[in-house]
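FYI, the numbering for the sequence shown is -30 to -1, 1 to 463, going by mature numbering (1 follows the signal peptide of the UniProt record, and there is no 0).
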Amino acid sequence: MRSPQDRIASMKLHLLGVALAAAIAPGVAAAQSKDATTAELKEQIAKMQAQLQQQQQAMQQMQQRLSELETTQQAQAAAAPTVAPAVAAAAQPVTDADIPQQEPASRIHKPPSALAGVEEPPPSGYVRLGDSGNMVKLDVVAQTDMMFDNKLMPYKDLFIPAGIPVEGQPFHDSHMQSNLSAKQSVVRMDFRRDTPYGLLKVVYKNNFFGFGGPDMDYNLQYLYGELEAKDYSILAGYYLSGFTDISVFPNTLDYEGPNSFTFKYAPQFRYTPVIWRHGEGRLTLPMTLEKPNADIALISDNQTYSKYPDVTLGLRYEAPDWHIQWSNLFRNLAVQSASSDRTRSTEAYATQLTFAAGVFGDDSVQGWVSTGKGYANFLQDITGFGLDAAFNPSLDLEATDAYAWGMGYTHAWSDAVSSSASYGYLNINPDFNVFIDQSLPDTTQYASLNVAWQFSERAMVGAEWLWGHNKTLAGDTGDAQRLQMTFRYDLNP
């Protein structure tokens, strides 16, 4: 079907033809017949004029119709919403300002040998999750450790002085063994979003030091949420104990680290108010309620339990170049007989002082000391040995005294090469009359020395020498050494 514009154009051509025919008609008529009368010519002219008038009227009607259609179309176009062509929105980069940090940003140099995925990551590397308001940073660490021990060690993937065979025990005089492990590989996800109350963080992390089998067993380390405001923070979930100061963990390639370090994970609720600020520094009062996990040398049909959660209360001052923390632990250790329902309990407590500081350019130093009774399950070397408490001849519980200290030092040879050394000392002192296995550790020592090279932004290679000493409650001793070589890829440090 033709449009009104096409019809008008056709009508104009037709009228032009009629006009031309009218102009030449007299000449044509004269040529055809000289006998044509004046009356006949007038009659023909009148007919042509009538036809021309009809065509003009039809053209005017069509022009009016065209004007009405154009007016209607313009009105419809004005009323319709403007639809912009779809354009893919460019992804907005996440900047440091999008992830404000309430804690003072540390200026202590992080060496290549530092454990990957342990502390909070820097703001770079986050991406937005659509228009949800959430941001996420994914980090995957692939690491392989090759280890050579001078004797057979019961814990092949970890260097634990408390497990070193002593005189009279199997494998005390065994030969060198080798092992490869990828259990230090890590998957970590950090989620962030702004809320009216502050910055909300949700953190997930796992490695592969589970206990289901010999290789690559899933092991959850972090799964917690934290609301961080200017004057306080609230944390809930599964995370390091409030008695653990991970900021002073020395830079060892060995995952276990010094024997005397207090290291424990626990489901918990933590509240940390800021009570004083000075320049770039601040003083906080961290306090936690944690799942209790009494580790007691049991006899008969007793089972362990605790009347109330573990409680930690600390005082921490932190500045960009150093920090110091005083932590206190309060516990209840109890057992109950399955047959008689008789219960026995004892109180336990511990106190600890930790510090870390940047010194001499990019060098750093770390130190810790702790003492108390009934906190063996928090000490790295003897957790799980049943040394929190033991029964005396009256079948009452007595918490085991313990004392531990250690230190670490890291020297930066350059921006990409560093060496770290560490030492740890641990001693337990149970009452002489308690029922306790005399083959368990009385004193252990640990030393490490390494060199690490960050040969690219996301790859590191290093080597470490380890030494351990174990002395049992019976007085028997044993020593062991390990050489460890490490290769690591870090996707998004």
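By construction, the Cβ of each residue, glycine as well, lies at the ideal position given by its N, Cα and C atoms.
Are there any heavy atoms of the ligand MN lying less than 8 Å away from the beta-carbon of residue i, as far as the coordinates show?
i    : result
Y194 : Ligands in the displayed structure: none, and consequently the ligand MN is not present.
With distances taken from CA atoms, which of the options is nearest residue i?
i    : options                   : result
D371 : M377, F348, A382 and D385 : F348
I294 : E40, R252, A320 and A422  : R252
A346 : L365, F325 and T321       : T321
N440 : G195, V157 and N229       : N229
V64  : S409, D164, G133 and L22  : D164
Y125 : L108, L150, V106 and V111 : L150
T414 : Q154, F181, D351 and M105 : D351
A386 : P74, F405, F425 and T242  : F425
D280 : K107, A417, W292 and N302 : N302
L436 : Y225, S309, E196 and Y167 : Y225
P262 : E250, L268, Y194 and S276 : S276
V157 : P93, V88, D201 and G227   : V88
Q154 : R162, P256, L22 and F178  : F178
A304 : S389, V136, L197 and Y278 : Y278
D215 : M159, F325 and L255       : F325
S390 : P411, P92, A369 and A417  : A417
T274 : F181, D109, F361 and A450 : F361
Pull the bridge partners of residue i from the DSSP assignment, please.
i    : result
L436 : S418 and R452
H293 : E288 and A326
I216 : Answer is none; I216 lacks a bridge partner.
M146 : Beta-bridge pairing links M146 to no other residue.
W383 : W383 is not bridged to any residue.
M105 : R98 and R162
V110 : V157
N273 : Residue 273 is actually Gln in this sequence, not Asn. DSSP lists Q306 as partners of Q273.
K441 : T413 and T447
So is residue i buried or exposed if we call it buried at 16+ other beta carbons inside 10 Å?
i     : result
F233  : buried
A132  : buried
M123  : buried
G394  : buried
I78   : buried
V97   : exposed
T258  : buried
Q113  : buried
P166  : exposed
A(-1) : Any reading at A(-1) is ruled out, since the residue's pLDDT is 46, under 50, leaving its predicted position unreliable.
How about residue i and residue j: do their beta carbons lie closer than 9 Å?
i    : j    : result
G376 : I266 : no
S315 : S270 : no
D185 : Q454 : no
G432 : T456 : yes
Q72  : A264 : no
V335 : Y379 : yes
ask   = Are the segment 103 to 121 and the segment 183 to 191 touching by the rule of at least three beta carbon pairs closer than 8 Å?
value = no
Exercise. Say whether the segment 205 to 223 touches the segment 74 to 89, bearing in mind that this needs 3 or more beta-carbon pairs closer than 8 Å, one atom from each stretch.
Key: yes
message: Using a Cβ distance threshold of 8 Å, determine whether the segment 139 to 148 contacts the segment 90 to 104, with at least three qualifying pairs required.
response: no
- Query: Three or more C-beta pairs closer than 8 Å, one from the segment 172 to 181 and one from the segment 25 to 45: is that the case here?
  - Reply: no
query = Is there contact here, the segment 206 to 215 with the segment 236 to 244, by at least three beta-carbon pairs under 8 Å?
reply = yes
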